[in-house]
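Undergrad:
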Ligand code: PEP
Ligand code: MN
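Numbering (the working numbering), first residue to last: 238 to 574.
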């Protein structure tokens, strides 16, 4: 339920309404936007009479949220969330580019990519240090050492850092070295991890599980917001369908659907969706045309020797060319890049 307060209402009335809602067993999330205070009250509304709340002093309106996700919904927050990460404001007019290797392999590898993607126009450096690999016998990542490499290279080239967190135990380590904590597709419904990320004071990029519906994905985001962290970005990275031509099927229609249902920014990862590098540029362009707020793209200085996801990693010159094309697409849909 969203309780909309009268514009310019007294703090004491806001406090009074909040405490009444808490007495009803609800959790209250306050939002101040454009001179108006709204109180999102979540919990079991079963026996609650909305009219009782509507008549409290200072209340202008009460709106029931009919969908199961609450804090994530546009009804709760009509204005789009803008997540600030270094130089990027994701969810605003500018499309943000996050780029880098699938996995951190060495300082030299990351530094080469960081220099190139920064020059081309990316604002955030990606790289996995804790890798969720299908096989336990393949490269599992460099762990904290990898995060330190990312941090150093990003700082050298004026970039922010995004990296995946796989385990609650690693959250403090990630918090120390990165600017955005990524939840991978395989962990989208790791509710213990999501709860922990609700307590973190850094943005979270939540990837869509490859068998998750949009509603399930939004419910996962709700866990993070309910825990107190409102800086969540959603990332579409392809889902499993009957189609086998590519690694996954990029569900680009989720971009406008989510923009309607939720105020959270939507990022698209064409690399993991298609799995082969020559299909990455057209899908990246399509994502921007569809309204994506950001892109997550794998780039490697020598993809043929990459320790993971070489087949889908762009060569540096391909990435540079892509960014030029993306600028044109962004302009055509009234965005900047
Ligand atoms: C990644 O971005 O490195 C990754 C493992 O992606 P996903 O979780 O989408 O498979
Ligand atoms: Mn990868």
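Backbone N, C-alpha and C fix where the C-beta goes; we use that ideal spot for every residue, glycine too. These figures come from a predicted structure and were not determined experimentally.
Mark residue 312 as exposed unless 16 or more other C-beta atoms lie within 10 angstroms of its C-beta, in which case mark it buried.
TA: Here the question's residue 312 lines up with position 75 in the chain shown. When all chains shown are included, residue 312 counts as buried.
Undergrad: Less than 9 Å between the C-beta atoms of residue 362 and residue 411, yes or no?
TA: Along the chain shown, read from residue 1 onward, the residue named residue 362 stands at position 125. Along the chain shown, read from residue 1 onward, the residue named residue 411 stands at position 174. Against a cut-off of 9 Å, the Cβ pair of residue 411 and residue 362 comes out as no contact.
Undergrad: Exposed or buried, what is residue 550 when buried is set at 16 or more other beta-carbons lying within 10 Å of its beta-carbon?
TA: Residue mapping note: residue 550 aligns to position 313 of the chain shown, counting from 1. It counts as buried.
Undergrad: Distance, Cα to Cα, residue 561 vs residue 438?
TA: Taking the chain shown and counting its residues from 1, the one referred to as residue 561 is at position 324. Taking the chain shown and counting its residues from 1, the one referred to as residue 438 is at position 201. Cα to Cα, residue 561 sits roughly 34 Å from residue 438.
Undergrad: Rounding to the nearest angstrom, what Cα-Cα distance links residue 369 and residue 477 in this structure?
TA: Translated into the one-based positions of the chain shown, residue 369 becomes position 132. Translated into the one-based positions of the chain shown, residue 477 becomes position 240. In a straight line, the C-alpha of residue 369 is about 18 Å away from that of residue 477.
Undergrad: Thinking C-beta only, is residue 277 closer than 9 Å to residue 265?
TA: The residue labelled residue 265 in the question sits at position 28 within the chain shown. The residue labelled residue 277 in the question sits at position 40 within the chain shown. Yes; because the gap between Cβ atoms is below 9 Å, this pair is in contact.
Undergrad: In chain order, what residues of the same chain have a beta carbon less than 7 Å from the beta carbon of residue 244, not counting five sequence neighbours either side?
TA: Position 7 of the chain shown, counted from the start, is the residue given in the question as residue 244. Result list for residue 244: 272 and 273, in chain order.
Undergrad: When every heavy atom of the ligand MN is checked, does at least one fall within less than 8 Å of the C-beta of residue 509?
TA: To locate residue 509, count along the chain shown from 1; it is residue 272. It does: the Cβ of residue 509 is within 8 Å (strictly closer) of some heavy atom of the ligand MN.
Undergrad: Three-state secondary structure (DSSP) at residue 302?
TA: Here residue 302 corresponds to residue number 65 of the chain shown, with the count starting at 1. If DSSP states are grouped into helix, strand and coil, residue 302 belongs with coil.
Undergrad: Buried or exposed for residue 431, going by 16 or more other Cβ atoms inside 10 Å?
TA: Start at 1 with the first residue of the chain shown, and residue 431 comes out as number 194. Buried.
Undergrad: Distance check for residue 574 and residue 567, CA to CA, integer angstroms please.
TA: For the purposes of this step, residue 567 is identified with residue 330 of the chain shown, where counting begins at 1. For the purposes of this step, residue 574 is identified with residue 337 of the chain shown, where counting begins at 1. C-alpha separation (whole angstroms): 6 Å.
Undergrad: Could you spell out where the beta strand (DSSP E) holding residue 541 opens and where it closes?
TA: Mapped onto the chain shown, residue 541 falls at position 304. Note, residue 541: premise wrong, no beta strand (DSSP E); not H, not E.
Undergrad: Looking at the structure shown, is residue 494 part of a helix, part of a strand, or coil, going by DSSP?
TA: Translated into the one-based positions of the chain shown, residue 494 becomes position 257. Helix at residue 494.
Undergrad: Rank 498, 344, 510 and 338 by C-alpha distance to the C-alpha of residue 401 and give the top, closest one.
TA: Reading the chain shown from its first residue, position 164 is the one you call residue 401. Here the closest residue by C-alpha is 338.
Undergrad: Per the contact definition of three or more C-beta pairs closer than 8 Å, is the segment 443 to 463 in contact with the segment 516 to 529?
TA: Flag = no, the segment 516 to 529 and the segment 443 to 463 do not touch.
Undergrad: Could you check how far apart the C-beta atoms of residue 524 and residue 532 are, in whole angstroms? I think they sit under 8 Å.
TA: Locating residue 524 in the chain shown gives position 287, counting from the first residue. Locating residue 532 in the chain shown gives position 295, counting from the first residue. The Cβ separation is near 6 Å, so the contact holds.
Undergrad: Just checking residue 472 against the ligand MN - is the residue's beta carbon closer than 8 Å to any of the ligand's heavy atoms?
TA: The count along the chain shown starts at 1 and reaches residue 472 at position 235. No.
Undergrad: Beta-carbon distances below 5 Å to any heavy atom of the ligand MN define the shell here; list its residues in chain order, please.
TA: Every residue passing the under-5 Å Cβ criterion appears here: 339 and 546.
Undergrad: Residues in its own chain within less than 8 Å of residue 605 by CB, not counting five upstream and five downstream?
TA: A question about residue 605 goes unanswered here, because the residues of the chain that appear run from 238 up to 574.
Undergrad: Measure the C-alpha to C-alpha separation of residue 512 and residue 306 and round it to an integer number of angstroms.
TA: As a working note, residue 512 is residue 275 in the chain shown. As a working note, residue 306 is residue 69 in the chain shown. If I take the Cα positions, the gap works out to 31 Å.
Undergrad: Between residue 376 and residue 359, what straight-line distance do the alpha-carbon atoms span, to the nearest angstrom?
TA: Locating residue 376 in the chain shown gives position 139, where the first residue counts as 1. Locating residue 359 in the chain shown gives position 122, where the first residue counts as 1. Taking the straight line joining both Cα atoms gives about 26 Å.
Undergrad: Answer yes or no: do residue 466 and residue 441 have a C-beta to C-beta separation smaller than 9 Å?
TA: Indexing the chain shown from 1 puts residue 466 at position 229. Indexing the chain shown from 1 puts residue 441 at position 204. Contact flag set, yes.
Undergrad: Identify the residues that DSSP records as bridge partners of residue 206: which are they?
TA: This structure cannot settle anything about residue 206, because the visible part of the chain is limited to 238 through 574.
Undergrad: Would you list the one or two residues that DSSP bridges to residue 266?
TA: The residue labelled residue 266 in the question sits at position 29 within the chain shown. Its beta-bridge partners are 277.
Undergrad: Considering only their Cβ atoms, is the gap separating residue 336 from residue 479 smaller than 9 Å?
TA: In the chain shown, residue 479 corresponds to position 242, counting from 1. In the chain shown, residue 336 corresponds to position 99, counting from 1. Going by C-beta atoms, residue 479 is not nearer than 9 Å to residue 336.
Undergrad: Output needed for residue 342: all residues of its chain with C-beta closer than 7 Å, excluding positions within five of it in sequence on either side, in chain order.
TA: Stepping through the chain shown from its first residue, residue 342 is reached at position 105. The residues are 544.
Undergrad: Return yes when at least one heavy atom of the ligand PEP lies under 8 Å from the C-beta of residue 506, else no.
TA: Against the chain shown, residue 506 aligns to sequence position 269. Yes, Cβ of residue 506 sits closer than 8 Å to a heavy atom of the ligand PEP.
Undergrad: Nearer than 8 Å: is that true of the beta carbon of residue 401 relative to any heavy atom of the ligand PEP?
TA: Sequence index remark: in the chain shown, residue 401 carries index 164 (1-based). Within the cutoff, so yes.
Undergrad: So, helix, strand or coil for residue 312, using DSSP?
TA: The residue given as residue 312 occupies position 75 in the chain shown. DSSP places residue 312 in coil when its eight states are reduced to three.
Undergrad: Find the nearest neighbour of residue 332 within the set 546, 548 and 521, judged by alpha-carbon distance.
TA: Here the question's residue 332 lines up with position 95 in the chain shown. When only C-alpha atoms are compared, the closest one is 521.
Undergrad: Comparing C-alpha positions only, which one of 258, 475, 295 and 291 sits nearest to residue 249?
TA: Reading the chain shown from its first residue, position 12 is the one you call residue 249. Of the listed residues, the one whose Cα sits closest to residue 249 is 295.
Undergrad: Look at the alpha carbon of residue 321 and the alpha carbon of residue 327, and state the distance between them as a whole number of angstroms.
TA: Sequence index remark: in the chain shown, residue 321 carries index 84 (1-based). Sequence index remark: in the chain shown, residue 327 carries index 90 (1-based). Roughly 6 Å between the two C-alpha positions.
Undergrad: Between which two residues does the alpha helix (DSSP H) harbouring residue 261 extend?
TA: Sequence index remark: in the chain shown, residue 261 carries index 24 (1-based). Element bounds for residue 261: n/a, residue is neither H nor E.
Undergrad: Is residue 351 buried or exposed, if buried means 16 or more other CB atoms sit within 10 Å of its CB?
TA: For this step, residue 351 is matched to residue 114 along the chain shown. Burial call: buried.
Undergrad: To the nearest angstrom, how far is it from the Cα of residue 309 to the Cα of residue 383?
TA: Within the chain shown, the letter at position 72 stands for residue 309. Within the chain shown, the letter at position 146 stands for residue 383. Each residue's alpha carbon lies about 32 Å from the other.
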